Structure formats: structure tokens, C-alpha cells
Ligand code: RIB
Ligand code: CA
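Residue numbers (our numbering): 11 to 351.
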């Protein structure tokens, strides 16, 4: 008999309360934090990952596409989501990458690691790509899941914008876009004012904001509050020596070293995992409605996201929800409980 005389009840999830399955398409410039987001998404029972599409950003889309398949291989995924290769160049700007943060291969330079016999520890994966390009797959799935498909772009918005240009009527059936990007009440990470995903293709970002599909933005304001330190990763992995644990260590090492020398902490942000968490566990987050615009031409401010988040100020009709708070430790606990379950 439990203290207080109440019988202990072993509660079971009341399936009636379980949220309906959310159909998502993850669009990504697979860098290190993107890989962590993919692992979290595929370990989230609330989500059906219908497809994963690649886009140039952290590194060129050829490498992103290889990184996507390498990540799925490291996870020993039994049933791959549909994977399609996306756009290599932004709408207007020349491509800028972030290989200095994510390694020259975009995945922490794991492709350079060798086994004792000199073979690659992470060999090139078997090609398992859809015949169609990412833009066409996005349009196709928006038609297969009308008013249900949620797009989760965690890189530059080039693929999403091109799908809207190519088939606007079909893309208006997208349920929501939950994206990692922007910086509002904090500095940027690629310039003083701009966050990388928006900076890399500001014209695509503005087009997506103008399009009219409900948007939730997860900006640096919250993603910079969630830091995965090397010490924490070691503690969470513990004695495990499975393929995924080894991959987590190997893929994060270079970016942790980057932050050690540039931001004086041995660790990495897990930016792209937060939009996944927002979908499965919204209780860890707080958002406000806002009217967001993107600077597309400023010499010093190109890629800056502008919005007045002060709730007491009248503002133009909101065009997005902006995430302004995260319970960082609760989210990190959730993240590890899922990816290492
Ligand atoms: O600014 C952070 C974003 O830029 C993340 O999506 C990271 O992967 C890079 O693409
Ligand atoms: Ca990314």
C-alpha cells in the first residue's frame, strides 16, 4: 500500500489522448546537428517521417545527400524513409557553406576515419535515392497528404521556395512549416545579425514567409540555450559501444573542437533537433505570434530576420509563430531518452 493509503496505480498511456500521427518531411543540409535531428525524428513515435530531402547549406548537396544515407546506415535503420536530393544553389545568392563548423564532409570529417586495416570506418553508403528530385517529392507528398503534411526545413529554404514557385496550389495544402532559422533578440551566427539558414538563402526565406502556409520558427534565441557538451555526451553514452554511440562520438568531435576554440566550450549546439522536439513535446517550448520579415539586400544585414516580439505593441498581421523559450534541460533529457533508448 503506498504512503497515504492510496493504492499505487500503474498508469498506462490513454491511447485516446495520444496525438494523431504527424506526417513530416524533413528538409536538411545534413551537417552534424541535422544528423542528430534525423536520429531524434526517427526515434519519435509521434512522427511518421515520410521523406528526407537534402539541400545545399552546411556543405554542397552532393555531400549532404551522402551524409543523409550515412546517418541512416549508422542508425541501422531497417526501413528507410524516401530520400531525395535537392537544390545545389540558393535562389539568387551564390552558395555559402559552413564546413568550418561541420567539417569538410559536413559530418565531422567521419569520412576520414580509418579502421586498423586502413579501410574507412564510415564507407560511402549504398545509393538509395528516389528517382525524383526533392522539389518534386515535396510537391508530390503535399498532394498525398493534403492538409496533413508538416514540412520541417532545418537548412536553407531553397527546396521549399522552389516547390511553392513550381506548384503553388498544391503547396497551399501543406499543414504547417516548422523550421530552424532566424535570430531575433540575439546575435546571428554567420554575421552579427544573421543566422545561417536564412543568410544562406534570404530570398527563399522571404518567399516562404509571404506564401501564407502556417509557419513556426525556432531561432537562435532558443537553440543557443541548448548545448550538448562532450562531458554530457560521454555521461549519456556511458559504457555503450554500439554503432550509433560510436557515430555520435565521431560525428560530434570536430564541431565540439570548433566550439572549444571559438566559443570556449567543448560541445555543440543541437539547433535542428529543437523543431523535432517542438512537434513531439510542445510543453518544452513557448512561442509568440509575430510579423517576420527578412532583409534580402542589406550589405551589413542581409539575412537578418526582423520582428517586433513585444506583445504590447500593435503590429501588422502576424505571419509566423516564433519560439521564444525552451526548457533546455528538460529537452536535453528528452533528446537522450529517445536517441539512446
Ligand atoms: O544556424 C544553425 C543552422 O545552420 C543549423 O541548421 C545548422 O545545421 C546550420 O544549417
Ligand atoms: Ca541544418
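The beta carbon of each residue, even a glycine, is placed where N, CA and C say it ideally should be. Note that the coordinates shown come from a computational prediction; the quantities given were computed from them, not determined experimentally.
Assigned exposure category for residue i - 16 Cβ within 10 Å defines buried
i	result
residue 331	buried
residue 269	buried
residue 134	exposed
residue 136	exposed
residue 21	Summary for residue 21: the model assigns pLDDT 49, below 50, so the residue's position carries little reliability; its value from the coordinates is reported in the next sentence. Classification of residue 21: exposed, given that the 10 Å Cβ count is below 16.
residue 75	buried
residue 79	buried
residue 263	buried
residue 104	exposed
residue 197	exposed
residue 54	buried
residue 348	buried
residue 32	buried
residue 118	buried
residue 341	buried
residue 125	exposed
residue 222	exposed
residue 310	exposed
residue 275	exposed
residue 141	exposed
residue 202	exposed
residue 376	Given a span of 11 to 351 for the chain in the structure shown, any question on residue 376 remains unanswerable.
residue 165	buried
residue 261	buried
As assigned by DSSP and simplified to three states, the class of residue i
i	result
residue 94	strand
residue 291	coil
residue 240	helix
residue 15	For residue 15, the predicted structure reports a pLDDT of 44, less than 50, and the residue's modelled location is therefore unreliable. The matter cannot be settled from this model.
residue 317	coil
residue 268	helix
residue 193	coil
residue 163	strand
residue 102	coil
residue 124	strand
residue 277	strand
residue 129	coil
residue 337	coil
residue 184	coil
residue 64	strand
residue 303	strand
residue 227	strand
residue 327	coil
residue 56	coil
residue 232	helix
residue 32	strand
residue 37	strand
residue 111	helix
residue 81	helix
residue 204	strand
residue 296	strand
residue 69	coil
residue 332	strand
residue 156	coil
residue 178	helix
residue 311	coil
Inter-residue CB distance, residue i and residue j (contact presumed, cutoff 8 Å)
i	j	result
residue 109	residue 69	5 Å
residue 208	residue 315	6 Å
residue 151	residue 159	6 Å
residue 295	residue 288	5 Å
residue 191	residue 229	7 Å
residue 143	residue 67	Not a contact, Cβ separation roughly 16 Å.
residue 179	residue 145	Between residue 145 and residue 179 the Cβ distance is about 15 Å, and since that is not below 8 Å, they are no contact.
residue 167	residue 214	4 Å
residue 63	residue 35	7 Å
residue 163	residue 313	Not quite, the Cβ-Cβ distance comes to about 15 Å (not below 8 Å), so this is no contact.
residue 352	residue 219	In the structure displayed, the chain extends from 11 to 351; residue 352 sits before or after that span and is not available.
residue 299	residue 328	4 Å
residue 282	residue 47	4 Å
residue 280	residue 238	5 Å
Residue i beta carbon near ligand 1 (any heavy atom closer than 7 Å)
i	result
residue 205	yes
residue 108	yes
residue 53	no
residue 199	yes
Cutoff 8 Å: residue i Cβ touching any chain C Cβ
i	result
residue 159	Going by chain labels, chain C is absent from the structure shown, which holds only one protein chain.
beta-carbon residue i near ligand 3 non-hydrogen atom, thresh 7 Å
i	result
residue 286	Here the bound small molecules are ligand 1 and ligand 2; ligand 3 is not part of this structure.
Original post:
Listed in chain order, which residues are found with a beta carbon closer than 7 Å to a heavy atom of ligand 2?
Top reply: 38, 39, 41, 43, 44, 67, 68, 164, 165, 190, 207, 281 and 282
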